[in-house]
Every structure is written in structure tokens, then in C-alpha cells.
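What follows is a set of notes on a single structure, which appears directly below.
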Ligand SMILES: Nc1nc2c(ncn2[C@@H]2O[C@H](COP(=O)(O)OP(=O)(O)OP(=O)(O)O)[C@@H](O)[C@H]2O)c(=O)[nH]1
Ligand SMILES: [Mg+2]
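In the numbering used here, the protein residues as written are 1316 to 1743.
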């Protein structure tokens, strides 16, 4: 089976890219820089780069025929064993490149990204999601390998056996994919129950390109110990925590999976369920690494994926992060007047972000009066947990609260105070 499991992955890699018309040198360099970081995340050492200007990819070998020989020499000269192709290529292009250059492995951008997701997946849901994408990526390659094997055997008795083995492998693959979908459906149900319990609460989600600093801000804003690393796709699972110091009513913050250009489509689909958390947020904090020269492109890719998953209309707060790395703060602020220009490493900056988030939710609070009879004083705890109480007045019948609260909370408390229903438990 075509299986480039990462543990078996050789370690010296050569990057290869075709520069298509309309792709500027700068854009090509950025893309290769990113591929280099993807390689580093997989633990590969990049020993060289090879680019070729071409009007299109060569159908058989991606790079031109004449260049394949050059690549072979380069691989030998650098003792490289892996070719990393900066585009998605067909299984037969990969196979031909491998055969003709003598590389042990040829991985395209998609395979590299899937591999990283595979290695970083921790929760059951993330593991199942990535495995589906991986199996689907493997399926056509399995076919090609099967065909090759069959041809190699000629037209003898073995041929039929080879085919049935291939059929068997494919069926196993299909069965496994179906099993994983069923597992995910069960997990999605669990998650939607948890989400329903949180639906009334104020939600903010940190979104953005991979490595922008979302998890670093998550830590700073919530005091949680989410994983942070100078790696691509360090986070694959959504984590939800309360904004600290706590506000009344409280605000929940979610950290989410990062995006990248040419994110394999299967991954966008399979992470949709994880990103539902982001969709349900009332506010998206879009974090951008402003110290990266390609940050405008990264901003664009993130917005594109957000629209694709249906989050195009959720209000945004743009955060231009990592300003401590020497960016021109004033110039950035002038160019993006509505953005928060900051560093996740400076507590004062994090405090500004905290204040902006609190302010966003404060404007949705409705000021109202709520009368609670003495017989219903068990509601007090809930009122103080979920509303900002501005004033209390007592008389012989009960207490009148003047408070600020989100509309749905107010509606629920009014029903409960009127005796129309039991207070609904929310998770605290
Ligand atoms: N200098 C500097 N480094 C930062 C800042 N914010 C984050 N970093 C670093 O950038 C790297 C990536 O940070 P993360 O918080 O893991 O990024 P992320 O957006 O969660 O990345 P993924 O989970 O991979 O999508 C880490 O090495 C952080 O320490 C900042 O404001 N300044
Ligand atoms: Mg992260």
C-alpha cells in the first residue's frame, strides 16, 4: 500500500517548485519558505531548492523532462532522499519523478500537510477526521500501485490474484472510511449537546493562519495551558475556556485550528465540525502574524476559508500580532485603523485585547428591571452569575433588580421569576 508513514520518512529533503506565469518571485519565495517550515515541522532537513519557470506543469513529471536529469544529479550531490513538491501533483507524476530521479520519497504539499495533521491529531475526533482525509488521499495512489504491480506480473495466473488483492484493499479502505464517519457522527452528537448548553453564553473564537499566535493569546486571555509551538498546525482541536479575569456574564474563548494556503479540501471539510465552535461565536478575533512579510496573503486565505465554512458574516476583530519583532507599529495602525496592533508577549497589549472583547459584548447587554418575589429568591445566585446587577431594591413582596444582561438570559430569568419555568442550568 502507498504509505508514507512519517516514522519511515527519510530525512534529507529537496524542495521543488514550478514557477507558473503570473507568480512573482516574491510569492514563490514565500511559498517555498512555508514549504521549508512545513518540512521542518515534520523533522526533515531541507538541503536545497530547485525551481523552474514553466507555462504549465509537465503532465508526466511536473518539471520539464530535461530538468528531471538535473534533479537526479542534485539529489545525488546533496545525498537527499526526499523530494517535496510545492504543488499538489498527480499520483503518476509523483511515481515518475520518484523513478526518474531516484528519490526514495516524493511528497507533494498536500501529503506534507496531511502528514502533519496526522502527527499532531490528539483527540478521537481529530484523529478520525485526519484518517479519513489520509485514506481518501491514498485511495487513487493505491489503485496506481495495484496497476503497476499487476502489469509487472504480466498476464499469467498471478494477475487475477493481484486484482482481487487490490479490490480487497480498496474495500477495506472504504469500510474503514465508513466506520470513521460513524464514529465522527457519534462524537458530533456529544459535542452538539455540550454546545447547546453553551449556546446562551457569550462566545469569542480566535481564528487565523497557522503559527499566527492564537494559542499564545488563548493562554494570555484565559490562563489555560494550551499547547504552543513554533510549528505549523500545533493546534488541531478546539479548546474552550473562560475569559480571565472572569466577567459577568462570563465570556467563553475558543482556540481553533489554523489555516494555510492550499489547505487540502478534505481537511477543510473534516475540520468543519471542529470549526463549528467558531461559527457559533458572536465575535471572531482574527489573529495575523504581522511580522511575516506575507501576512496580507495569510489574512486573505483565512478570510477565504472563513467564508467557505459559512462564517463570512460573523463580526471580526483584527489583531496584528508579534509587533515586538520589530514591525512599524504606527504605520500598521495607520493602514489598519480598526485593528489592534499588539504583541501577545506584552501583558499591557493583552489587556487591551481583553478590554476590546469585553466592550464588544457589553454593547449587547440590555438594561432592565426584574422583580423577584421572596418565594423565588433561589434565583439570586443565577442572577448574580449571569447579569451585571446595578441596583437592588427590597419591599414587602420581594426584590427588584436593576441589571444589565444579554437578551436571551433576561427572557429566561423573566419566565423563571414569573414562576413559568424552572431556572435552566448553565455550565459554570
Ligand atoms: N515574538 C513573538 N512571538 C510570538 C508572539 N505570539 C506568538 N509567538 C510565537 O509564535 C509561535 C506560534 O505561536 P502559537 O500560539 O502556537 O500559534 P498558533 O496560531 O496557535 O499556531 P497553530 O496552532 O499552529 O495554528 C510560538 O513560537 C509563539 O511563542 C508574539 O506576539 N511575539
Ligand atoms: Mg495553536
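Where is the CB? At the ideal position from N, CA and C, for every residue including glycine.
Query, Result
"Determine the direct distance from the alpha carbon of residue 1719 to that of residue 1733, and round the result to whole angstroms.", "19 Å"
"What are the boundary residues of the beta strand (DSSP E) that includes residue 1416?", "Per DSSP, residue 1416 belongs to no beta strand (DSSP E); it is in the alpha helix (DSSP H), 1406–1416."
"Roughly how many angstroms lie between the CA atoms of residue 1504 and residue 1497, to the nearest whole one?", "11 Å"
"Spatial neighbours of residue 1387 within its chain, please: C-beta separation below 8 Å, excluding the five flanking residues on both sides.", "1415, 1416, 1417"
"Tell me the start and end of each unbroken beta strand (DSSP E) in the stretch 1552–1616 that is at least 3 residues and wholly inside, in chain order.", "1554–1557, 1566–1570, 1598–1604"
"Can you tell me whether DSSP reads residue 1542 as helix, strand or coil?", "coil"
"Count the other CB atoms, across all protein chains shown, that sit within 10 Å of the CB of residue 1346; report buried if there are 16 or more and exposed otherwise.", "buried"
"Using three-state DSSP, classify residue 1715 as helix, strand or coil.", "strand"
"When DSSP labels each residue in this structure, what does residue 1392 get in the three-state scheme?", "helix"
"Rounded to whole angstroms, what is the Cα-Cα separation between residue 1329 and residue 1681?", "60 Å"
"Are residue 1605 and residue 1636 touching if we call contact CB-CB under 9 Å?", "yes"
"Secondary structure at residue 1528, three-state DSSP: helix, strand or coil?", "coil"
"Give the range of the alpha helix (DSSP H) segment to which residue 1673 is assigned.", "1662–1677"
"Between which residues of its own chain and residue 1531 is the CB-CB distance below 7 Å, once the five residues before and five after are set aside?", "1543, 1659"
"Over the uninterrupted beta strand (DSSP E) stretch that includes residue 1360, give me the two end residues.", "1360–1368"
"In angstroms, rounded to a whole number, what distance separates the CA positions of residue 1385 and residue 1508?", "58 Å"
"Taking residue 1551 and residue 1525 to be in contact with their CB atoms under 8 Å, please state how far apart those CB atoms are, rounded to whole angstroms.", "Not a contact, Cβ separation roughly 10 Å."
"For a quick check, are the C-beta atoms of residue 1582 and residue 1432 less than 9 Å apart?", "yes"
"My guess is that residue 1573 and residue 1627 are in contact by the Cβ rule of under 8 Å, so how many angstroms apart are they, rounded?", "Going by Cβ atoms, the distance from residue 1573 to residue 1627 rounds to 18 Å, so no, they are not a contact pair."
"Which residues does DSSP list as the beta-bridge partners of residue 1423?", "1400"
"Tell me whether residue 1607, by its Cβ, gets closer than 8 Å to a heavy atom of ligand 2.", "no"
"Quick one: does the C-beta of residue 1573 sit closer than 8 Å to a heavy atom of ligand 1?", "yes"
"With a threshold of 8 Å, establish whether the CB of residue 1526 neighbours any heavy atom of ligand 1.", "yes"
"Check residue 1535 in the structure and name its three-state DSSP category.", "helix"
"On the premise that residue 1566 lies in contact with residue 1519, defined as a C-beta separation below 8 Å, what is that separation, rounded to the nearest angstrom?", "6 Å"
"If you count every other CB in all the chains shown that lies within 10 Å of the CB of residue 1677, and 16 or more means buried, which is it?", "exposed"
"Quick check: the Cα distance between residue 1396 and residue 1331, rounded to an integer number of angstroms?", "13 Å"
"Short of 8 Å in beta carbon distance, which residues of its chain neighbour residue 1319, apart from the five on each side in sequence? Order them along the chain.", "Because residue 1319 sits at a pLDDT of 47, beneath the cut-off of 50, its placement in the model cannot be relied upon, and the following sentence gives the value as read from the coordinates. For residue 1319, where only same-chain residues beyond five positions count, the Cβ hits under 8 Å are 1420, 1422, 1426, 1430."
"Between residue 1357 and residue 1390, what straight-line distance do the alpha-carbon atoms span, to the nearest angstrom?", "19 Å"
"Residue 1531: beta carbon under 8 Å from a heavy atom of ligand 1?", "yes"
"If you measure from the CB of residue 1548, is any heavy atom of ligand 1 nearer than 8 Å?", "yes"
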